[in-house]
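In this note's numbering, the protein residues as written are 11 to 158. In this text, a Cβ means the ideal position worked out from N, Cα and C, and glycines have one as well. Before any comments, here is the structure.
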């Protein structure tokens with residue numbers, strides 16, 4: 011498989027699946043660990059219980075270490091769309107080599123706009139900046155607000 015940066019990753023198979031329920035039947039009789047509701051638990055490197063097998067997407071349950079939450083969490087798109095409680099707040103930071111490259115959020119405005127402003131200023135947000143405070147990036151904001 012070739013990544014967008016030209017780097018090659020050796021693998022026997024890459025599976026891309028889209029659906030409203032986790033489609034994990036093919037793993038039922040495999041040696042991959044499964045948990046309730048047929049999700050596949052992975053570590054923070056997306057590694058499954060089987061050596062050299064990674065899992066990604068809506069079928070996984072992963073540790074959310076950025077907020078010291080080691081229990082498994084899931085972020086399947088169907089769950090996000092169908093939330094009825096009105097309080098479904100979350101933030102996801104995409105980190106590469108210890109630096110934030112992107113973020114997404116639900117009901118936490120203006121978080122993504124603020125992060126975009128930090129990026130526009132060509133500043134770098136480190137993992138350490140947001141590891142224990144999801145608003146830790148704000149120290150890089152260079153915005154002066156003029157009161158009326």
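- Nearest Cα to residue 129 within the set 110, 141, 64, 145: 110.
- A direct Cα-Cα distance of roughly 11 Å separates residue 136 from residue 103.
- Taking residue 18 as the centre and dropping the five residues before and after it, the same chain places the C-beta of 12 closer than 6 Å to its C-beta, in chain order.
- Annotated as proximal: residue 147 and residue 140, with beta-carbon spacing under 7 Å.
- Annotation for residue 116: no alpha helix (DSSP H) segment contains it, though the beta strand (DSSP E) segment containing it runs 109-116.
- The DSSP-derived three-state label of residue 145 is coil.
- CA-CA distance, residue 71 to residue 48, rounds to 10 Å.
- Between residue 116 and residue 100, the C-beta gap is smaller than 7 Å, which places the two residues in contact.
- Under the three-state reduction of DSSP, residue 106 is assigned to strand.
- Here residue 22 is exposed: its Cβ has fewer than 16 other Cβ atoms, across all protein chains shown, within 10 Å.
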